[in-house]
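Quick note on numbering: the sequence shown equals residues 130 to 265 in our numbering. By construction, the Cβ of each residue, glycine as well, lies at the ideal position given by its N, Cα and C atoms. All figures in this text were calculated on a predicted structure; none of them were measured in a lab. One structure below.
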Amino acid sequence: MRRPRLVVVLLSLVALLLAQCSTGTPEAATTRACERAEDLAAALASLDETIGEGAPLADVQDAARRAEDAQGALDDAAEDLARERVDALDAAWERVDDGVDALADDAAVTAGADRLREDVAAVEDARADVVAELGC
130 MRRPRLVVVL LSLVALLLAQ CSTGTPEAAT TRACERAEDL AAALASLDET IGEGAPLADV
190 QDAARRAEDA QGALDDAAED LARERVDALD AAWERVDDGV DALADDAAVT AGADRLREDV
250 AAVEDARADV VAELGC
């Protein structure tokens with residue numbers, strides 16, 4: 130599930146170039162970041178609902194990919210607005226990503242579901258800190 134570093138670097142450069150071309154105000158940047166934070170909240174809720182004993186592994190992986198995309202979008206949107214909080218969010222997400230990668234490659238999620246739920250809750254807490262920092 131980890132993106133190759135080259136793709137991340139290229140996407141970051143594209144986002145940076147687009148941001149530099151934008152005539153957006155700090156208020157508009159904050160609004161975008163707040164919207165991305167809401168998207169992440171929804172994706173995390175969906176992931177948390179999906180995780181459970183007996184949940185199909187493919188469903189958990191799909192929900193985790195959607196949450197990862199939402200987390201990346203928030204990271205990009207809030208990059209310069211709340212850097213310290215975004216770094217904490219990134220660290221919390223890495224634990225979820227590692228947890229999903231560590232799930233047994235069987236048909237259903239059994240072992241590790243409780244730990245993964247705790248990690249998802251930690252990402253939600255970090256997301257809430259970003260929202261508080263942005264004043265959403």
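With DSSP collapsed to three states, give me the class of residue i.
i: Ala184; result: strand
i: Glu208; result: coil
i: Glu241; result: In the sequence as displayed, the identity of residue 241 is Gly instead of Glu. In this structure, Gly241 counts as coil in the three-state DSSP scheme.
i: Cys150; result: In this prediction, Cys150 has a pLDDT of 42, which is less than 50 and means its spatial position is unreliable; what the coordinates show is noted afterwards. DSSP places Cys150 in helix when its eight states are reduced to three.
i: Leu232; result: coil
i: Cys265; result: coil
i: Arg246; result: helix
By Cβ distance below 6 Å, which residues in the same chain neighbour residue i in space, the five residues on each side in sequence not counted?
i: Ser151; result: Any answer about Ser151 is weak, because its pLDDT of 46 lies below 50 and its placement is not dependable; what the coordinates show is given next. No residues qualify anywhere along the chain.
i: Arg214; result: Asp258, Val259 and Glu262
i: Ala162; result: Ala206, Ala207, Leu210 and Leu263
i: Thr179; result: Asp188, Val189 and Ala192
Closer than 8 Å by C-beta to residue i: which residues in its own chain qualify, once you throw out the five before and the five after it? Chain order, please.
i: Thr159; result: Leu210, Leu263, Gly264 and Cys265
i: Asp204; result: Val215, Leu218 and Asp219
Using beta-carbon positions only, say whether residue i and residue j come within less than 8 Å of one another.
i: Ala206; j: Arg165; result: yes
i: Arg224; j: Ala251; result: yes
i: Val229; j: Ala193; result: yes
i: Asp168; j: Ala221; result: no
i: Leu218; j: Gln200; result: yes
i: Leu186; j: Leu245; result: no
i: Leu173; j: Glu247; result: no
Does the ligand ADP have a heavy atom nearer than 7 Å to the CB of residue i?
i: Asp205; result: In the structure shown, the ligand ADP is absent, as is every other ligand, since no ligand is present at all.
Answer with yes or no whether the minimum CB distance from residue i to chain D is below 8 Å.
i: Asp248; result: The structure shown has no chain D; it contains just one protein chain.
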